[in-house]
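Student: This structure is in structure tokens; I'll ask about it shortly.
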Amino acid sequence: MGRRGFSLSALFCWVLKTIMGGCRGGVWLLASIVGLRPFFASPPTDKYMASVYIADTGYFLPERILTNDELSKMVDTTQEWIESRVGIRERRVADAEHNTSDLAAFAVEASLQRAGWDKEDLDLFLCATSTPDSLIPATASWSCQRMQLFDVPAFDINAACSGFVYGMGVARAMMQTGDFNKVAFVTAEKYTRVTDYTDRTSCIFFGDSAGSLLLTKDKPEKGAWEVVDTSMKNFNDGADVVTTEIGGFFWQDGRRVKNYALGAFKESAKWMLEKHGIKVDDLRAFVAHQANSRVLQTVCDMVGIHESQHWHNVEICGNQGAAGSATTFCMGLEEHQGSFKDGDTILVTTFGSGFTSGSALLRWVD
Ligand SMILES: CC(C)(COP(=O)(O)OP(=O)(O)OC[C@H]1O[C@@H](n2cnc3c(N)ncnc32)[C@H](O)[C@@H]1OP(=O)(O)O)[C@@H](O)C(=O)NCCC(=O)NCCS
82 MGRRGFSLSA LFCWVLKTIM GGCRGGVWLL ASIVGLRPFF ASPPTDKYMA
132 SVYIADTGYF LPERILTNDE LSKMVDTTQE WIESRVGIRE RRVADAEHNT
182 SDLAAFAVEA SLQRAGWDKE DLDLFLCATS TPDSLIPATA SWSCQRMQLF
232 DVPAFDINAA CSGFVYGMGV ARAMMQTGDF NKVAFVTAEK YTRVTDYTDR
282 TSCIFFGDSA GSLLLTKDKP EKGAWEVVDT SMKNFNDGAD VVTTEIGGFF
332 WQDGRRVKNY ALGAFKESAK WMLEKHGIKV DDLRAFVAHQ ANSRVLQTVC
382 DMVGIHESQH WHNVEICGNQ GAAGSATTFC MGLEEHQGSF KDGDTILVTT
432 FGSGFTSGSA LLRWVD
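Take the position in the sequence shown, starting the count at 1, then add 81; the result is the number in my numbering.
Okay, here's the thing in structure tokens:
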């Protein structure tokens, strides 16, 4: 009798929790009970997963600007060639005494200030970078030391220029399956440290920067972007096409990377939109890896993105590796602040050495 009473109350609690715990889970369960299940293709896989929100953002751009005019005095090139072929006018260069971890710390500090969080609130610190300060420790550890942040798990993610999307995926998964609730996820690069300023085919691209997201499972009252989904894909047959060897300079086979990138960008963006039944025209914004303006324009044409939806900063910040999509996202949010409506969506799609590609879908929740 006692055992049966316990089982019934446990069953009742489970049903109630399912219905209360997630609307989609509840709807699917009710549909199953009343015989409408065939209309609901599959049970929601995320019914017990907590939502992850962006509490605030921050970014850092070094002050020093490197122009095409300066580059044309350093290597055999012209302003016209650079503007017409890669569409970059200028890029930011970090001071010699600032490493990637310093840029990361500056961006995280800016985001903490905007959010009104204390650094002691953080329970996880992730850094996506492909230009780490050192092989060990992780750039995240150097940043934490600089910020006097001593008791927080900290490590790096290297997915080259896809680091912003891969890092969002790792952070979200760790938050949904672990106890982490206040996470600093920063994407930082100092590509000018691995740029060969005697090589005209590569030195025209790169700039330094960092962009930080503060992530939480507590929905901010003012409304926030929810990280709805992330995808990751690798094409490891192209691992030798874009490389930076230990102690060496960035190198790429420009034509091969361009051909690969265009297909991968399109495939990743379309896959994410189709998965969630979102029409391209309904996207509020599209943010891609800031490879170069020409590549971005072709990607937008292939996916069907309008100019008004396309956020970019490559023409004034250059290719910033993984940090380019992060700073573009942060700057876009800042520019359009106050104009977001419940249900607005942003798609972030990246491509990088490896090759890696991936997309993140974000939705504004009032
Ligand atoms: C780099 C890129 C603009 C070069 O364009 P391309 O049409 O492939 O041109 P090529 O590499 O065949 O080079 C064409 C010529 O321009 C020359 N050239 C390259 N850089 C130059 C520069 N800065 N100024 C003047 N000429 C340059 C080359 O030496 C070559 O000359 P050659 O024919 O006498 O040998 C193009 O390949 C590209 O956009 N690639 C993608 C790069 C990228 O975004 N990488 C990001 C990594 S995730």
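Ideal placement from N, C-alpha and C gives every residue a C-beta, glycine not left out.
S224 and A186: beta carbons closer than 8 angstroms?
Tutor: Sequence index remark: in the sequence shown, residue 224 carries index 143 (1-based). Sequence index remark: in the sequence shown, residue 186 carries index 105 (1-based). Yes, the Cβ-Cβ distance between S224 and A186 is below 8 angstroms.
Student: Looking at the secondary structure, which residues open and close the alpha helix (DSSP H) in which E161 lies?
Tutor: For this step, residue 161 is matched to residue 80 along the sequence shown. Here the alpha helix (DSSP H) through E161 covers Q160 to V167.
Student: In whole angstroms, what is the alpha-carbon distance linking M255 and W352?
Tutor: Within the sequence shown, numbered from 1, the residue matching residue 255 stands at position 174. Within the sequence shown, numbered from 1, the residue matching residue 352 stands at position 271. Roughly 24 angstroms between the two C-alpha positions.
Student: Would you call the region 166-176 and the region 281-294 in contact, with 3 or more CB pairs under 8 angstroms?
Tutor: yes
Student: Who are the Cβ neighbours of F432 in its own chain at under 6 angstroms, not counting the five residues just before and after it?
Tutor: As a position in the sequence shown, residue 432 is number 351, starting the count at 1. Excluding residues within five positions, the ones whose Cβ falls inside 6 angstroms are A342, A345, F346, H370 and S438.
Student: Exposed or buried, what is A320 when buried is set at 16 or more other beta-carbons lying within 10 Å of its beta-carbon?
Tutor: Within the sequence shown, the letter at position 239 stands for residue 320. Flag for A320 reads exposed.
Student: So, at 6 angstroms on beta carbons, what are the nonlocal neighbours of V338 in its own chain, with the 5 sequence-adjacent residues on each side left out?
Tutor: Start at 1 with the first residue of the sequence shown, and residue 338 comes out as number 257. The answer, listed in chain order, is V322 and V323.
Student: Can you list the alpha helix (DSSP H) stretches of 4 or more residues lying completely in the region 318-363, in chain order?
Tutor: Here the runs fully enclosed are 335-356.
Student: At what residue ranges does the region 273-297 contain a whole run of the beta strand (DSSP E), taking only runs of 3 or more?
Tutor: Qualifying beta strand (DSSP E) stretches, in chain order: 289-297.
Student: Quick check on the burial criterion: 16 or more other C-beta atoms within 10 angstroms. Buried or exposed for K303?
Tutor: As a working note, residue 303 is residue 222 in the sequence shown. Answer is exposed; the Cβ neighbour count stays below 16.
Student: Consider the C-beta atom of I169 and the heavy atoms of ligand 1; say whether any pair is separated by less than 7 angstroms.
Tutor: Numbered from 1 along the sequence shown, position 88 holds the residue referred to as residue 169. No.
Student: Consult DSSP for F187 and reduce its assignment to one of helix, strand or coil.
Tutor: Taking the first residue of the sequence shown as position 1, residue 187 is located at position 106. It is helical.
Student: Is the region 302-316 in contact with the region 203-211, if contact means three or more CB pairs nearer than 8 angstroms?
Tutor: no
Student: Excluding the 5 residues flanking S374 on each side, which residues of the same chain have their C-beta closer than 8 angstroms to its C-beta?
Tutor: Indexing the sequence shown from 1 puts residue 374 at position 293. Excluding residues within five positions, the ones whose Cβ falls inside 8 angstroms are V167, G168, I169, H393, V395 and E396.
Student: If I follow the unbroken alpha helix (DSSP H) through G405, where does it start and stop?
Tutor: If you number the sequence shown from 1, residue 405 lands on position 324. Per DSSP, G405 belongs to the alpha helix (DSSP H) from A404 to E416.
Student: Between the alpha carbons of G139 and M383, how many angstroms are there, rounded?
Tutor: For this step, residue 139 is matched to residue 58 along the sequence shown. For this step, residue 383 is matched to residue 302 along the sequence shown. Approximately 31 angstroms, taken between the alpha carbons.
Student: Looking at ligand 1, does it come within less than 7 angstroms of Q371, judged from the CB to the closest heavy atom?
Tutor: Position 290 of the sequence shown, counted from the first residue, corresponds to residue 371. The answer is no for Q371.
Student: Output the boundary residues of the alpha helix (DSSP H) element that contains S420.
Tutor: Along the sequence shown, read from residue 1 onward, the residue named residue 420 stands at position 339. Neither: S420 is in no alpha helix (DSSP H) and is coded neither H nor E.
Student: Quick one: residues in its chain with C-beta nearer than 7 angstroms to the C-beta of R274, no 5 flanking neighbours on either side, listed in chain order?
Tutor: Translated into the one-based positions of the sequence shown, residue 274 becomes position 193. If we look at R274 and ignore the five residues flanking it on each side, its Cβ neighbours are T212.
Student: What separation, rounded to the nearest whole angstrom, lies between the Cα atoms of T379 and S349?
Tutor: Locating residue 379 in the sequence shown gives position 298, where the first residue counts as 1. Locating residue 349 in the sequence shown gives position 268, where the first residue counts as 1. Using only the alpha carbons, I get a separation of about 15 angstroms.
Student: With distances taken from CA atoms, which of F330, L216 and A265 is nearest A235?
Tutor: Working through the sequence shown from its first residue, we reach residue 235 at position 154. The residue with the shortest Cα to Cα distance from A235 is A265.
Student: Which residue from D199, M313, T148 and L142 puts its Cα closest to that of M228?
Tutor: Looking up residue 228 in the sequence shown gives position 147. Of the candidates D199, M313, T148 and L142, the one whose C-alpha sits nearest the C-alpha of M228 is D199.
Student: State yes or no: is the C-beta of K339 nearer than 7 angstroms to some heavy atom of ligand 1?
Tutor: Counting from one through the sequence shown, the residue named residue 339 turns up at place 258. Under cutoff, so the answer is yes.
Student: With T220 and T181 assumed to form a contact (beta carbons below 8 angstroms), what rounded beta-carbon distance in angstroms separates them?
Tutor: Mapped onto the sequence shown, residue 220 falls at position 139. Mapped onto the sequence shown, residue 181 falls at position 100. Rounded, the Cβ-Cβ distance is 5 angstroms, consistent with contact.
Student: Per DSSP, S440 is paired with what?
Tutor: Residue numbering aside, residue 440 sits at position 359 when the sequence shown is read from its first letter. Answer by DSSP bridge pairing, in chain order: S312 and T430.
Student: Evaluate E388 with the Cβ neighbour count: other Cβ atoms within 10 Å of its Cβ, from every protein chain shown; 16 or more gives buried, anything less gives exposed.
Tutor: Locating residue 388 in the sequence shown gives position 307, where the first residue counts as 1. So E388 ends up on the exposed side.
Student: Select from A441, V251 and T148 the residue whose C-alpha is nearest the C-alpha of K356.
Tutor: Locating residue 356 in the sequence shown gives position 275, where the first residue counts as 1. Taking the Cα of K356 as reference, the smallest distance to any Cα among A441, V251 and T148 is reached at A441.
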